[in-house]
Amino acid sequence: MNKIRAKDIENLDYNQLIGVVRETNRPPGGKNSVFEVVNRLHLSKDSKILEIGTSTGFTSIEVSRLVKCPITSIDINETSLKEAKNRAMGEGYTNIDYVKANVNSLPFDNESFNVVIVGNVFSLLTNKTKALEECMRVCKKDGFIVAIPMYYVKIPSEELVKKVSNAIKTNIIPMYKSDWIKFFTVPELEIYWAKDFKFDYIEDDVVKSFTVKIMNRPHLKSMDMGVFIKLKRKYEKYVFLFRDNLSQVGYTIFILSKKKIWEDPELYTSKEI
Ligand SMILES: C[S@@+](CC[C@H](N)C(=O)[O-])C[C@H]1O[C@@H](n2cnc3c(N)ncnc32)[C@H](O)[C@@H]1O
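Using this note's numbering, you'd call the opening residue of the sequence shown number 9 and step up by one each time.
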């Protein structure tokens, strides 16, 4: 950790920064989303799960708390994976296998998993279609893909989109809920169940005390003071930026079924009241 230089910090994107400060990186909705998915899909100890973009391991650990099934969690970021492994080991979960891999080329056989959980990872990818194809390939024929993509609930300013794009080093094209429905509407998949949410606006003082708490982590104490100050400034700037961004964002828990059962289209659709 004390090997990090000021120059390295300038180049870190938001996801790498999270790995360095070891922030808990959740899927949208955190525990609530994981609980909903585990229960809706009746996951059991026999369910084989693949999690894409685990970051620091939140989803894999929360699933394990509820059901001790075999989980393989992948990410391209080694620093985050290392932290995920430490956290899972600390909790005593030996059912999770953390693997460095790219969702665009998954190192698994066809139809290996009952459920593939993608959280909010499609949003970050330039080749979303390839990633979805890979998820479908490794999912068993009667399995499910869970995606929890975020989207704007109102049109964002160009300036905001530019800043967030720079922070995550991805050229963001603003997506809306209808775009995700279109994306998941492919012959091999069916939107089986979905539920919508919107992020709260988090006040400045709450954001500030959160960043202070994170930056007080023991593993950051050994850093050179100049480097630490740079890291703290960059982290705080990003947290405020994401607060502003997320206050205009919603997300949907999509459970997508891979199995296609022949049936007539549903005419008498309904909504929860
Ligand atoms: C926003 S975090 C995900 C947080 C949470 N696990 C979730 O599911 O929403 C995105 C993660 O996806 C990883 N990621 C980005 N591109 C990837 C790729 N091509 N293959 C695998 N992981 C990727 C990033 O390194 C990062 O840890």
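Glycine included, every Cβ here is placed at the ideal spot set by N, Cα and C.
Quick caveat, the model's predicted, so the values are computed rather than measured.
- If you look at Asp187, you'll find it in the alpha helix (DSSP H) that goes 185-192.
- In the three-state reduction of the DSSP assignment, Cys147 falls in the strand class.
- One thing to note: Phe262 has its Cβ within 9 Å of the Cβ of Val154.
- Here Leu58 is not near Cys77, since their CB atoms are 9 Å or more apart.
- In this structure, the CA atom of Leu25 is about 19 Å from the CA atom of Ile60.
- Inclusion of Glu31 and Ile156 in the CB contact set at 9 Å is not warranted, their separation being larger than that value.
- Distances taken from the Cβ of Val172 to the heavy atoms of ligand 1 include none shorter than 8 Å.
- The C-beta distance from Asp83 to Ser113 rounds to 14 Å, too long to meet the 8 Å contact threshold.
- Remark: the C-beta of Ala175 is outside contact range of ligand 1, defined as less than 8 Å to any heavy atom.
- Rounded to the nearest whole angstrom, the C-alpha separation of Leu264 and Asn94 is 31 Å.
- In terms of side-chain proximity, the C-beta atom of Pro36 is found nearer than 8 Å to a non-hydrogen atom of ligand 1.
- In this structure, Val129 has its beta carbon less than 8 Å from a heavy atom of ligand 1.
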